[in-house]
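Chemist: Below are the structure tokens for one structure; questions will follow.
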Amino acid sequence: MKPYKPQEIEPKWQEKWAEKKIYQAKDFDPKPKFYTLIEFPYPSGAGLHVGHARSWSAMDAFSRKKRMEGFNVLYPIGWDAFGLPAENYALKMGQHPSQTVAENIARFKKQCQDLGLSFDWSREINTTDPKYYKWTQWIFLQLLEKGLAYRAKTPVNWCPVCKTTLADEEVLADGLHERCGQPTEKRQQEQWLLRITQYAQRLLDDLGLVDYSPKIAIQQVNWIGKKEGINIVYEIEKMEEKVTVFTTRPDTNFGATFIVLAPEHPLVEKIVVEEYREKALNYVAAAKAKTEEERISQGRKKTGVFTGCYALNPLTNLRMPIWVSDFALMSFGTGAVVGVPGHDLRDFEFAKEFDLKIIRVVVGPDGDASEILKPEQVQEQEGEMVNSDFLNGLSIAVATKKMMNYIEQKGWGGRQTIFHLRDWVFSRQHYWGEPIPIVHCPKCGIVPVPKKDLPVELPFVERYEPSGTGESPLAKMTDWVNVKCPECQSPAKRETDTMPNWAGSNWYFLRYLDPDNEKELSSLSKMKYWMPVDIYQGGFEHTTLHLLYSRFIHKFLYDIGAVSTSEPYAKRRSHGIVLGPDNRKMSKSFGNVVNPDEIVLKYGADTLRLYEMFMGPFDQTTAWSEKGLQGCSRFLNRAWRLFQENVREEETPGHLLKKLHQTIKKVTQDLEELKFNTLVAALMEFINDWSDSYLSQKDAELFTQILAPAAPHIAEEIWCEVLGKEFSIHQTGWPQYDEKQMIEEMTTIIIQVNGRVRGEVKIKDQISKIKNEVENEAKTNERVVKYLQGKKIKKTVFVPGRLINFVV
RNA sequence: GCCGAGGUGGCGAAACUGGUAAACGCGCGAGAUUUAGGAUCUCGUGCCGCAAGGCUUGUGGGUUCGACUCCCACUCUCGGCACCA
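Counting from 1, one number per residue, gives the positions in the first sequence under the numbering used here.
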């Protein structure tokens, strides 16, 4: 028998697959299309990660099955090569990013090919290719033209290590930069922003049109953070000015006792009375100077200053002191809060700190109607209104509606919907990104580069370290920066900020459809054929980053008629990450990184692919185990041997034929549902049965076919070299299972007494469905008899073909 | 605090619409083969017990003839969000 040598057979078939171009997708093919998308990688210096290998080989198996089922499958890949990590890596290597990126791409590509992934390489794209980013820039100009890109001086997140601004989505909950892990700061800086907020409602609503796994959809809903409330305008005593607050709980307004303004609120300056002025302005200055980190480190301890003015609560005629405190955020609502200390814990803490009046207007389910003195008494959620005139006795929900109507009728305010989602900070002060195609002219102002002059190519610079001054390194390139204004021809300067790394990934899946198009980002007819993406597989960490951004951009492109669908991805699933053998995140510093190259060299790509699918549920985080890998290697070796020794020129025995059809069914279903772990288990179960038996040539072919998606090389080798079939197995059809072959002639019926298993009986399948027959059989069962002796059977529960339960 | 996911053998995990809990793999034990190791093959392997039998899906309760699965309460772990009005 020939030994199984993956190191010999794998490269052989990889070459032949490439030569025969069997994985190329065909535009406009009459077969039904299927577009499988994986997140294209950033080609890091570390090379392919076993995490990449996991999701790509699983989706490869999925795509291979789709192809065999007769779909015209598009499974493409490209490179997301702009951005901070690429720049940082190049700096570390002392090379230009264009060089390191090219090297890294070459390595990644080789690694993908060594894994035998069925990507359509004819459609490979690279976001740093000027022919590609021409269209990234074109999209920016379209956004500008439609007023969705604008410049503003806003507080932005700043990473002092990477020396650049960041989007909110790039800053983690504890204020750390998601890429480098260092603390970020807030800075005021003139920035390009994109009005993603204008699409907030549609991004929310249209989640109903797509099939995203619930946790992805829910996280997007939370991030968009729609809140419906009301803006209430209060008169300020002895002043012209009025103060507007946003609240979702107007029902508690009979309990409102004070107002708090954010330190940045423009009203502070105007209304603060002389006596308190100095103290207040000092507080404002101090609050503005605080970093995020400092604010967080103070915890919930409330600080603040009084302005000396009072707003009037029209419901109660109560004079509500107006305070300034940094717990009110200028970036949320109107930057002003009405304090209801009895029914909001934060307001309570503030009132306690500064000895402000507390009124109870809700009695909770505990019935406590006493004066509110302790935080535990603050009833925020449920209860019945009290001390609230026309609201008394109503539930919170009813009272809220009633009060909203009342306020609107009285003309004190109007309903307002707000979102947590912020506009997207879209400029970075770095070299390695798409130049923003803008010219700043002293006469004409902001002038877009004419579309015929795109792309604005990134100039080659020797020194591209970030300056840290808030200016992009491109600013030093005077030759490049100084241009004539496209409008008036007078001397002007180019925009030197570049786009964030998310820019190129907003629309890359459209470019795969038409990678060489020089006239448009992708042709409408090709989009009409291929779009939407049928399944998009990626990391959960991109839910509120890339996934949300690209939906926004796609909707915009749809609105201007540049794409054919309103949503880019029909279905989205995420996968779990692969941890190191020590159960920690793989990282150089832990020394627990597993390199796929070494695994391929030692065990072969098929073993690696199989193990990555087998290691655990696809959407769940799992630790790497070399032992588990060996189990998969053994499986392939056993299968290899069985194909050589246990295939006969005879009909397959009945029990094994039945198992084969059951396995075909299981593999078919599991692949469709992305249950890769149980699909591999099913294949293993089958060969365990096969090892005591034999298959006919015809049935051995069927098994090879269902093995092919998961282990494509060994399947091809067996197909062509052992079974003597024609190249290629991956272009054959998908086996159909035959329900008739799966029928069992004998069924095991479980016998229970009082719900406890007391015995079992094997009987003919037809008989197992007849109650009387089974009951007689069961009552005389040797093991069961003693449990029934001397007892009276009160009830008999019979599940046809499954079990019988005597209740005594 | 809020939102989400999860807790099953020594380990990774299975279990359809409520119907034999632990499939498959790892590990472990015994044996075969081998000069030895490794590899391979065979058998065994949830826990307690010599056995009969009993116990077992984070904890406590409930519904049911029957619960990993459904309901209620609690608890722990992980992911996300958070002075968000």
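We put the CB at the ideal spot given by N, CA and C, even for glycine.
In this text the structure is predicted, and so the values were computed from the model without any measurement.
Output the residue ranges of the beta strand (DSSP E) runs that lie fully inside the segment 170-221 and measure 3 residues or longer, sorted by chain position.
Modeler: Within the segment 170-221, the complete beta strand (DSSP E) runs of at least 3 residues are 185-194.
Chemist: Can you tell me the Cβ-Cβ gap for Thr810 and Val578, rounded? I've got them flagged as a contact below 8 Å.
Modeler: As shown, the chain starts at 1 and ends at 808. That puts residue 810 outside it, with no answer to give.
Chemist: Output yes or no for whether 8 Å exceeds the beta carbon distance between Gln741 and His655.
Modeler: Not in contact: Gln741 and His655 (Cβ atoms no closer than 8 Å).
Chemist: How is Phe354 classed by DSSP in three states: helix, strand or coil?
Modeler: Here Phe354 sits in helix by DSSP.
Chemist: In the structure shown, what three-state DSSP assignment does Trp13 receive?
Modeler: If DSSP states are grouped into helix, strand and coil, Trp13 belongs with the helices.
Chemist: For Asn387, name the three-state secondary structure that DSSP assigns.
Modeler: DSSP places Asn387 in coil when its eight states are reduced to three.
Chemist: Report the three-state DSSP secondary structure of Tyr809 (helix, strand or coil).
Modeler: The requested residue 809 is not part of the displayed model; the chain covers only 1 to 808.
Chemist: Which full runs of the alpha helix (DSSP H) of 4+ residues lie inside the segment 653-704, going along the chain?
Modeler: Complete alpha helix (DSSP H) runs here, min 4: 654-672 and 676-690.
Chemist: Ordered along the chain, which non-local residues of its own chain (more than five positions away) have a Cβ less than 8 Å from that of Ile664?
Modeler: So the list reads Leu702, Ile706, Pro735, Gln736 and Tyr737, once near-sequence residues are dropped.
Chemist: Could you work out which residue in Lys725, Val647, Phe727 and Thr668 is closest to Leu695 when comparing CA atoms only?
Modeler: Of Lys725, Val647, Phe727 and Thr668, the residue nearest in Cα terms is Val647.
Chemist: Just to confirm, is the Cβ distance from Asp497 to Ser427 under 8 Å?
Modeler: Yes, Cβ-Cβ distance for Asp497 and Ser427 is below 8 Å.
Chemist: Do Glu495 and Ile553 have their CB atoms nearer than 8 Å?
Modeler: No.
Chemist: The beta strand (DSSP E) spanning Arg758 covers which residue range?
Modeler: Note, Arg758: beta strand (DSSP E), Arg756 to Lys764.
Chemist: Quick check for students: name the residue ranges of the beta strand (DSSP E) that lie wholly in the segment 36-94, counting only runs of 3 or more.
Modeler: Fully enclosed beta strand (DSSP E) runs of 3 or longer: 72-74.
Chemist: What residue range does the alpha helix (DSSP H) around His713 cover?
Modeler: Per DSSP, His713 belongs to the alpha helix (DSSP H) from Pro712 to Glu717.
Chemist: Among Pro341, Glu518 and Leu671, which residue has its Cα nearest to the Cα of Trp138?
Modeler: Checked all of Pro341, Glu518 and Leu671; the closest Cα to Trp138 is Glu518.
Chemist: What does a CB cutoff of less than 6 Å around Glu39 pick up in its chain, not counting 5 residues either side in sequence?
Modeler: Excluding positions up to five away in sequence, the list reads Gly538.
Chemist: Cα-Cα, which of Thr668, Gly724 and Asp211 is closest to Arg67?
Modeler: Ranking the options by Cα distance to Arg67, first place goes to Thr668.
Chemist: Can you check DSSP and say which residues form a bridge with Phe108?
Modeler: In DSSP, Phe108 forms no bridge with anything.
Chemist: On the three-state DSSP scale, how would you describe Gln416?
Modeler: Here Gln416 sits in strand by DSSP.
Chemist: Exposed or buried, Cys162, counting other C-beta atoms within 10 Å across all chains shown (16 or more means buried)?
Modeler: It counts as buried.
Chemist: Measure how close the beta-carbons of Trp624 and Pro581 come, nearest whole angstrom, since I'm counting them as under 8 Å.
Modeler: Between Pro581 and Trp624 the Cβ distance is about 5 Å, and since that is below 8 Å, they are a contact.
Chemist: Between which two residues does the beta strand (DSSP E) containing Pro448 stretch?
Modeler: It spans Gly445 to Pro448 - the beta strand (DSSP E) in which Pro448 sits, taken as one unbroken run.
Chemist: On the premise that Glu471 lies in contact with Phe82, defined as a C-beta separation below 8 Å, what is that separation, rounded to the nearest angstrom?
Modeler: With 8 Å as the limit, Phe82 and Glu471 do not qualify as a contact, their Cβ atoms being about 19 Å apart.
Chemist: Name the DSSP beta bridge partners of Cys441, please?
Modeler: Answer is Gly445.
Chemist: Sort out for me which residues DSSP pairs Leu575 with in a bridge.
Modeler: Looking at the sequence itself, residue 575 is His, so the reference to Leu does not match. Per DSSP, Gly539.
Chemist: On the DSSP letters alone, give me the boundaries of the alpha helix (DSSP H) that Tyr787 sits inside.
Modeler: That run of the alpha helix (DSSP H) goes Glu782 to Leu788.
Chemist: Could you name the residues of the same chain whose beta carbon sits closer than 6 Å to that of Arg54, not counting the 5 residues immediately before and after it, in chain order?
Modeler: Counting only Cβ-Cβ distances below 6 Å, and skipping sequence neighbours, we find Val578 and Glu612.
Chemist: What's the C-alpha gap between Phe635 and Met684?
Modeler: So the two alpha carbons sit approximately 7 Å from each other.
Chemist: Rank Lys410, Phe509, Leu391 and Trp13 by C-alpha distance to the C-alpha of Arg123 and give the top, closest one.
Modeler: Comparing Cα-Cα distances from Arg123 to each of Lys410, Phe509, Leu391 and Trp13, the minimum goes to Phe509.
Chemist: Output needed for Thr678: all residues of its chain with C-beta closer than 7 Å, excluding positions within five of it in sequence on either side, in chain order.
Modeler: The answer, listed in chain order, is Asp670.
Chemist: Beta carbon of Trp502, beta carbon of His440: below 8 Å?
Modeler: No, the Cβ-Cβ distance between Trp502 and His440 is not below 8 Å.
Chemist: With a cut-off of 8 Å on the beta carbons, I'd call Leu74 and Ala25 a contact; round off their distance for me.
Modeler: The Cβ separation is near 4 Å, so the contact holds.
Chemist: If we require 3 or more residues per run, which beta strand (DSSP E) segments fall completely within the segment 319-374?
Modeler: Those beta strand (DSSP E) runs which fall completely within the segment 319-374 and span 3+ residues are 336-339.
Chemist: Between Arg638 and the rest of its own chain, which residues show a CB-CB distance below 8 Å, the 5 nearest in sequence each way excluded?
Modeler: Hits under 8 Å: Ile687 and Ser691.
Chemist: Among all the DSSP beta bridges, which residues are the ones paired with Arg151?
Modeler: DSSP, once it has assigned bridges, lists Trp192 as partnering Arg151.
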